[in-house]
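A.B. asks: Mind looking over this structure? Questions follow.
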Amino acid sequence: MPGFYSLSSRPMAKERRKGFCTKPPSFLPLHHHHALSLPEKWHYAFIPILMKFHISSFLMAAVLLVSACDTIELPDDKGSITHKQHKVNIRTRTAVGTQPLYPIAVYAFDDTGRCRARQTIESVATPLALSLPSGNYRIVALSGHTAYRLEEPTDVNAAALSMSTENNQAEQPLMRGEAALTVGTSKTSVTLTLAYAVAGMEITLSNIPSAVEAVSVKLNDLPRQLTWNNAYSSPSATLLPCRKNSDGTWSTGTKYVFPNDRSSTVLSISLTEASQTRQYGFTLNSGLKAATPYRLKGSYSTTGDMLIDGEILSIGWNAPFESTFSFGAGQPLPLEPPSSPDDTPTSPNERPRAGSVWKGHHVVAFVENETAEAADLILLSTQGWSNLPSALSTLSPDEAQGLAQTYTEGTLTGWSIPSQETARRLSELYSGEQLAQLNQTLSSLGGEPVYTTYNQKNARYLCEAATMSYAFRLGGGILAAGKTVKNYHLRLVKRVHIKFS
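Per our numbering, residue 85 is the first one in the sequence shown, and the count goes up by one each step.
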């Protein structure tokens with residue numbers, strides 16, 4: 085299997101017990117790359133990297149990718165290498181041609197959100213060696229972060245800190261991984277998934293009049309920040325300047341932006357000629373998703389209209405999506421998101437609110453993009469499911485997604501598993517008294533309650549295509565789902581655009 089390695093400890097001579105060995109590795113992957121050039125290698129760029137660590141009670145000497153030596157020694161809880169050594173097997177599996185960008189930053193956060201340890205891994209040969217006292221931790225790893233403004237976490241709660249991009253865009257992708265870890269037992273196993281936290285965007289425009297001097301594309305309402313708790317925030321417009329190519333086309337090149345949790349993305353194209361700017365707009369009937377490359381190709385016509393062929397390529401995560409858009413100078417900007425086919429005019433005096441009932445039998449989780457004329461409702465399914473595996477399970481990885489695809493509530497279809505951002509909103513909005521009120525509303529409609537505990541265990545709900553989990557309580561966090569866990573819960577959501585009459 086390409087990219088698979090196994091390391092194990094062996095009895096060592098006394099002269100080798102002073103630390104890690106420095107013998108050059110003989111097993112480094114032949115397909116190692118430090119970066120990918122896009123778009124030629126987009127068929128590699130968005131495959132997550134799975135890393136499994138077996139770590140001692142002090143999390144000493146685990147390797148994020150591949151260690152530069154074939155023997156690793158771990159001290160016991162008292163921190164002395166003269167005590168009993170623990171055997172460690174480190175397995176790393178990567179797709180051929182897929183490598184993170186170095187350096188890689190690794191942080192350990194305790195239950196209060198404070199950063200207790202950190203380390204920078206400069207190359208594939210650098211071992212990971214974090215020293216931690218007993219307790220529960222959240223391990224976060226970042227790759228490609230040097231292209232972002234990074235607020236380093238300190239001993240204060242890291243929820244207030246963030247990573248941000250210059251002008252809402254970056255030249256290289258950001259990868260992020262997170263895993264929960266309990267330190268204090270003699271041996272601990274943790275799985276860390278390092279995946280892309282940004283969307284790739286490349287826009288190419290052809291048949292632009294030769295007199296045009298400048299071209300730019302603006303994307304509305306993209307997040308500017310990603311917090312250490314993995315929440316996207318501070319939406320604003322993103323301006324992508326275009327450059328003229330030798331073949332006469334104009335292109336943005338490949339830029340990386342934070343994803344948005346919306347049903348649509350509004351774009352506007354500006355053509356500047358003789359100090360006058362004409363604008364054209366269209367709505368992509370999809371939000372921008374993390375780990376997805378977007379390639380948009382537009383052609384300016386002699387009638388003054390612009391045709392946009394949109395191709396959304398996703399390797400391994402989402403199904404390919406294609407759409408065609410047209411827009412002209414006479415259309416107002418920005419274009420409003422497309423209405424749901426389930427829309428009926430709603431009285432302005434009957435504006436739905438979080439936790440209310442819509443149309444007599446649907447629960448409104450929260451409201452977004454509200455104006456005087458319209459709003460987006462995020463509905464929460466009245467039905468819930470328990471004892472489910474995640475999409476990482478080797479037995480029933482498609483079970484949760486299958487429930488989403490077949491679920492109907494009244495006349496509404498098209499329900500989905502919450503994204504990370506939607507899950508975070510649900511977790512923040514509904515805990516304590518707010519959750520009790522939500523459960524009363526669900527009960528009045530004959531629905532099932534949302535659980536904080538189930539069978540005397542903390543209840544965690546699946547999100548992000550069933551690859552991650554969250555909880556309806558403060559501090560529950562968004563965690564990578566387990567491969568062998570079989571007791572996850574599921575609640576579905578649906579976005580509906582309504583207009584006020």
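Just so it is clear, CB atoms sit at the ideal spot from N, CA and C, and this is done for glycine as well.
In this text, all values refer to a predicted model and were calculated from it rather than measured experimentally.
Quick one: grab the DSSP three-state call for residue 229.
C.D. replies: Sequence index remark: in the sequence shown, residue 229 carries index 145 (1-based). Three-state result, residue 229: helix.
A.B. asks: So what does residue 573 bridge to, in DSSP terms?
C.D. replies: Taking the first residue of the sequence shown as 1, we reach residue 573 at position 489. Note: residue 573 sits in a beta bridge opposite 545.
A.B. asks: Between the alpha carbons of residue 355 and residue 291, how many angstroms are there, rounded?
C.D. replies: Position 271 of the sequence shown, counting from 1, holds the residue named residue 355. Position 207 of the sequence shown, counting from 1, holds the residue named residue 291. Roughly 12 angstroms between the two C-alpha positions.
A.B. asks: Check this for me: beta carbons of residue 342 and residue 377, under 9 angstroms apart or not?
C.D. replies: As a first step, residue 342 is located in the sequence shown; it is residue number 258 there, counting from the start. As a first step, residue 377 is located in the sequence shown; it is residue number 293 there, counting from the start. Contact: no.
A.B. asks: Ignoring anything shorter than 4 residues or poking outside the stretch 358 to 390, list the alpha helix (DSSP H) runs there in chain order.
C.D. replies: Counting whole runs of 4 or more residues, the stretch 358 to 390 contains no alpha helix (DSSP H) stretch at all.
A.B. asks: According to DSSP, residue 452 sits in a beta bridge with which residue or residues?
C.D. replies: Your numbering for residue 452 matches position 368 in the sequence shown. In the DSSP output, where bridge partners are listed per residue, residue 452 has 460.
A.B. asks: For residue 231, which of 252, 198, 216, 215 has the nearest alpha-carbon?
C.D. replies: In the sequence shown, residue 231 corresponds to position 147, counting from 1. The residue with the shortest Cα to Cα distance from residue 231 is 252.
A.B. asks: Evaluate contact between the stretch 308 to 316 and the stretch 325 to 335, counting only Cβ atoms and requiring at least three cross-stretch pairs below 8 angstroms.
C.D. replies: Counting Cβ pairs under 8 angstroms, fewer than three are found: no touch.
A.B. asks: Looking at the secondary structure, which residues open and close the beta strand (DSSP E) in which residue 508 lies?
C.D. replies: Position 424 of the sequence shown, counted from the first residue, corresponds to residue 508. Residue 508 -> not in any beta strand (DSSP E); alpha helix (DSSP H) instead, spanning 504 to 513.
A.B. asks: Which same chain residues, not among the five before or five after residue 500, have their C-beta less than 8 angstroms away from its C-beta?
C.D. replies: Looking up residue 500 in the sequence shown gives position 416. 488, 576, 577, 578.
A.B. asks: When we look at the beta-carbon of residue 255 and count the other beta-carbons within 10 Å, is it buried (16 or more) or exposed?
C.D. replies: On the sequence shown, residue 255 is found 171 positions in, with the first residue counted as 1. The residue in question, residue 255, is exposed, as its Cβ has fewer than 16 Cβ neighbours within 10 Å.
A.B. asks: Is the Cβ-Cβ distance between residue 340 and residue 258 less than 9 angstroms?
C.D. replies: Counting from 1 along the sequence shown, the entry for residue 340 is found at position 256. Counting from 1 along the sequence shown, the entry for residue 258 is found at position 174. Contact: yes.
A.B. asks: Given a cut-off of 9 angstroms on the beta-carbon distance, is the pair residue 382 and residue 346 in contact?
C.D. replies: The residue you call residue 382 lines up with position 298 of the sequence shown. The residue you call residue 346 lines up with position 262 of the sequence shown. Result no, Cβ atoms of residue 382 and residue 346 do not sit closer than 9 angstroms.
A.B. asks: What are the boundary residues of the alpha helix (DSSP H) that includes residue 488?
C.D. replies: Locating residue 488 in the sequence shown gives position 404, counting from the first residue. Taken as a continuous stretch (DSSP letters only), the alpha helix (DSSP H) holding residue 488 covers 483 to 490.
A.B. asks: Using alpha carbons as the reference points, say which of 550, 193, 497, 208 lies closest to residue 214.
C.D. replies: Taking the sequence shown and counting its residues from 1, the one referred to as residue 214 is at position 130. Answer by Cα proximity: 193.
A.B. asks: Between the Cα of residue 302 and those of 363, 485, 265, spot the shortest distance and give me the residue it belongs to.
C.D. replies: The residue labelled residue 302 in the question sits at position 218 within the sequence shown. For residue 302, the nearest C-alpha among the options comes from 363.
A.B. asks: Hey, how far is the Cα of residue 367 from the Cα of residue 351?
C.D. replies: Residue numbering aside, residue 367 sits at position 283 when the sequence shown is read from its first letter. Residue numbering aside, residue 351 sits at position 267 when the sequence shown is read from its first letter. Spanning the two alpha carbons is a distance of roughly 6 angstroms.
A.B. asks: Label residue 533 either buried or exposed according to how many other C-beta atoms from any shown protein chain fall within 10 Å of its C-beta, with 16 as the threshold for buried.
C.D. replies: Residue numbering aside, residue 533 sits at position 449 when the sequence shown is read from its first letter. When all chains shown are included, residue 533 counts as exposed.
A.B. asks: Note down, in chain order, each residue of its chain lying with its Cβ closer than 8 angstroms to the Cβ of residue 321, except the 5 sequence neighbours on either side.
C.D. replies: Working through the sequence shown from its first residue, we reach residue 321 at position 237. Excluding residues within five positions, the ones whose Cβ falls inside 8 angstroms are 252, 302, 303, 304, 305, 306.
A.B. asks: Taking contact to mean 3 or more Cβ pairs, one atom from each stretch, closer than 8 angstroms, check whether the stretch 220 to 237 and the stretch 193 to 203 are in contact.
C.D. replies: In short, these stretches touch, since the Cβ pair count reaches three.
A.B. asks: Rounded to whole angstroms, what's the CA-CA distance from residue 506 to residue 484? Just pull it up for me.
C.D. replies: Looking up residue 506 in the sequence shown gives position 422. Looking up residue 484 in the sequence shown gives position 400. Taking the straight line from one Cα to the other gives about 17 angstroms.
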